[in-house]
Amino acid sequence: MPTPRRQPAAPELASDADFPALKQLVIQQTGHFYYSDKDQLLWERLLRRFRQTGSANSAAYLRRLQDPQAGDDEWAALAAEITIGETFFFRYAEQFAALRQTILPDLLRQNCGQRSLRLWSAGCANGAEPYSLAILLRQLLGDAVPEWRLSVLGTDLNEDALRQARLGLFSRWSLRGQPVEQLEQDFEPADQGRRWLLRPQHRALVQFRRHNLLSLLDNSAPLELNEFDLILCRNVLIYFHPDTVQALVRAMAARLRPGGWLLLGHAEPNPSFAHFLQVVELPGTVAYRRAPLPDVTSPPGPPAATATEALPALTPAPPGPPPRRPAPALLPVPPSDAASTLPALAGTMAVQARAAADRGDLDTAARACRAALDAAPTVAALHQLDGLVARAQGRVDDAEAAFRRAIYLKRDFAMAHYQLGLLLLDEGRRAEGRRALAAAARLVTAWPGGTLLEEGDGMTARQLHAGVRLQLDALGDRVG
Numbered sequence: 001m002p003t004p005r006r007q008p009a010a011p012e013l014a015s016d017a018d019f020p021a022l023k024q025l026v027i028q029q030t031g032h033f034y035y036s037d038k039d040q041l042l043w044e045r046l047l048r049r050f051r052q053t054g055s056a057n058s059a060a061y062l063r064r065l066q067d068p069q070a071g072d073d074e075w076a077a078l079a080a081e082i083t084i085g086e087t088f089f090f091r092y093a094e095q096f097a098a099l100r101q102t103i104l105p106d107l108l109r110q111n112c113g114q115r116s117l118r119l120w121s122a123g124c125a126n127g128a129e130p131y132s133l134a135i136l137l138r139q140l141l142g143d144a145v146p147e148w149r150l151s152v153l154g155t156d157l158n159e160d161a162l163r164q165a166r167l168g169l170f171s172r173w174s175l176r177g178q179p180v181e182q183l184e185q186d187f188e189p190a191d192q193g194r195r196w197l198l199r200p201q202h203r204a205l206v207q208f209r210r211h212n213l214l215s216l217l218d219n220s221a222p223l224e225l226n227e228f229d230l231i232l233c234r235n236v237l238i239y240f241h242p243d244t245v246q247a248l249v250r251a252m253a254a255r256l257r258p259g260g261w262l263l264l265g266h267a268e269p270n271p272s273f274a275h276f277l278q279v280v281e282l283p284g285t286v287a288y289r290r291a292p293l294p295d296v297t298s299p300p301g302p303p304a305a306t307a308t309e310a311l312p313a314l315t316p317a318p319p320g321p322p323p324r325r326p327a328p329a330l331l332p333v334p335p336s337d338a339a340s341t342l343p344a345l346a347g348t349m350a351v352q353a354r355a356a357a358d359r360g361d362l363d364t365a366a367r368a369c370r371a372a373l374d375a376a377p378t379v380a381a382l383h384q385l386d387g388l389v390a391r392a393q394g395r396v397d398d399a400e401a402a403f404r405r406a407i408y409l410k411r412d413f414a415m416a417h418y419q420l421g422l423l424l425l426d427e428g429r430r431a432e433g434r435r436a437l438a439a440a441a442r443l444v445t446a447w448p449g450g451t452l453l454e455e456g457d458g459m460t461a462r463q464l465h466a467g468v469r470l471q472l473d474a475l476g477d478r479v480g
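Following UniProt numbering, the residues of the sequence shown are numbered contiguously, the last one being 480.
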């Protein structure tokens with residue numbers, strides 16, 4: 001009987017002499033300056049392409065990238081691999097509050113004559129962001145939706161992610177933090193409740209297309225990537241060199257209609273953007289706006305008054321550093337945002353777990369969680385992550401146990417109490433679910449409303465308290 005062929009051992013970074021040349025080429029071709037000081041993280045992502053292509057080492061993979069027959073496809077696959085597609089529905093609650101309360105109402109007022117609105121989600125990954133915009137538009141317009149021409153475009157480099165996005169089928173991982181009552185309004189349960197299918201009226205508003213953001217800089221971008229009322233480009237610019245970021249933001253600004261808005265990730269604002277965009281301070285976030293056209297029917301007025309005429313309550317911030325977001329009072333920085341606070345292996349595996357979960361590869365995410373916990377078993381945030389992945393897989397008992405371990409290790413871990421409460425309510429255990437949610441509410445009541453919650457993905461103490469209040473009111477309870 002023939003002996004099964006064994007997979008060749010993976011090359012080691014320390015002994016791969018051609019890695020520096022490969023790294024330099026990757027950064028040069030993709031613009032991903034993010035990896036300039038992250039050799040180990042880049043190496044782990046390259047290893048996945050090595051295995052997929054049968055490349056023994058960096059030298060072999062360099063030859064593949066430079067092969068005219070395979071190079072273009074491989075560059076596309078590599079670009080998708082090294083971009084971390086962290087996304088879920090209504091990510092960064094402060095920004096979606098700004099969209100709901102200020103930005104989209106302003107755009108609807110501006111465009112009420114032609115009743116047309118064009119939105120672009122750049123770097124949309126699995127589609128959660130543009131679909132969130134579609135849901136929000138329907139909530140704001142209600143029965144008037146058929147009277148408008150609404151277009152939401154999602155673009156990304158990763159064709160696999162775009163295929164998943166077009167299906168509109170999501171695991172609980174992409175819907176974390178959303179109670180079942182809200183899900184049932186916009187989704188239909190699938191796979192015995194393990195996944196959720198976005199309702200067709202929301203899917204109909206969104207189109208997806210593969211696009212490399214760098215094409216905005218060399219005039220190769222499609223002509224239709226123009227005249228947008230709103231562009232979201234969040235957590236994409238972190239990969240690029242500061243000079244490239246400046247050029248990309250300027251290029252996106254040029255593709256906004258007068259009065260159009262731009263939202264970036266929380267870590268991406270730069271005071272230099274104020275030279276070509278208005279900076280608008282909103283609660284919990286900073287937004288950018290292209291100056292509206294002057295109203296020729298009104299008497300001339302000071303430029304500043306004309307620029308903000310559609311939004312009398314807002315004042316563009318003067319050029320200078322953007323306002324600092326409130327520091328997470330009383331709470332440490334979550335490991336997912338600062339892996340250096342964990343042992344090296346645990347931090348790496350936590351990042352891999354989130355990336356795998358965002359790709360829909362929940363089995364790999366679960367294994368990475370276990371590896372992270374083996375390296376750092378007393379870190380409550382890792383148990384919280386393990387619980388979210390388990391819940392997304394439908395392993396309810398494991399998820400409950402993980403959330404309870406997180407609470408045992410950190411009694412004031414508000415998000416662990418909150419996620420445990422949502423899980424218990426979904427399982428019909430109302431009394432236990434109420435207690436867990438009430439515990440979360442009591443914790444955050446003692447903190448400033450703007451406090452960013454550990455592992456809250458941008459949720460503040462005020463927003464969690466309001467979410468708990470809605471849940472308990474629906475159950476006939478009250479929360480202080």
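Ideal placement from N, C-alpha and C gives every residue a C-beta, glycine not left out.
In this text the structure is predicted, and so the values were computed from the model without any measurement.
Start and end of the alpha helix (DSSP H) containing residue 231?
It is not in any alpha helix (DSSP H) - residue 231 instead sits in the beta strand (DSSP E) that spans 228-233.
Work out the CA separation of residue 233 and residue 112 for me, nearest whole Å.
25 Å
Could you have a look at residue 168 and say whether DSSP puts it in helix, strand or coil?
coil
Tell whether a beta-carbon distance below 9 Å holds between residue 350 and residue 366.
no
Among 49, 152 and 205, which one has its Cα closest to the Cα of residue 229?
152
I think residue 202 touches residue 134, with their Cβ atoms under 8 Å apart; what is that distance to the nearest whole Å?
5 Å
Opposite residue 154 in the DSSP bridges: which residues?
121 and 208
Is the CB-CB distance between residue 415 and residue 440 below 9 Å?
yes
Under 9 Å between C-beta atoms of residue 236 and residue 123
yes
Can residue 197 and residue 168 be called in contact, C-beta distance under 9 Å?
yes
Which residues in the same chain as residue 405 place their Cβ atom closer than 7 Å to its Cβ, once the five residues preceding and following it in sequence are excluded?
383
Once you ignore the five residues that flank residue 114 on each side, which residues in its own chain have a CB closer than 6 Å to its CB?
none
Determine, using beta carbons only, whether residue 282 and residue 94 come nearer to each other than 9 Å.
yes
Using a Cβ-Cβ cutoff of less than 8 Å, which residues in the same chain neighbour residue 52 once the five nearest sequence positions on both sides are dropped?
77
Beta-carbon proximity of residue 206 to residue 127, cut-off 9 Å:
yes
By a C-beta neighbour count over all protein chains shown, 10 Å radius and 16 as the cutoff for buried, is residue 275 buried or exposed?
exposed
With a threshold of 6 Å on Cβ separation, who are the neighbours of residue 332 within its own chain once the five nearest residues in sequence on each side are excluded?
Below a pLDDT of 50, predicted positions are generally treated as unreliable, and residue 332, at 30, falls in that range; the measurement from the model is reported next regardless. So no residue of the chain qualifies.
Status (buried if at least 16 other CB within 10 Å, exposed otherwise) for residue 378
exposed
In the structure shown, what three-state DSSP assignment does residue 148 receive?
coil
With DSSP as the reference, label residue 188 as helix, strand or coil.
strand
Give the DSSP bridge partners of residue 289, in chain order.
261 and 278
Selection from 163, 468 and 451 that minimises the alpha carbon distance to residue 461
451
If you follow the alpha helix (DSSP H) that residue 196 is in, where does it begin and where does it stop?
Residue 196 -> not in any alpha helix (DSSP H); beta strand (DSSP E) instead, spanning 195-198.
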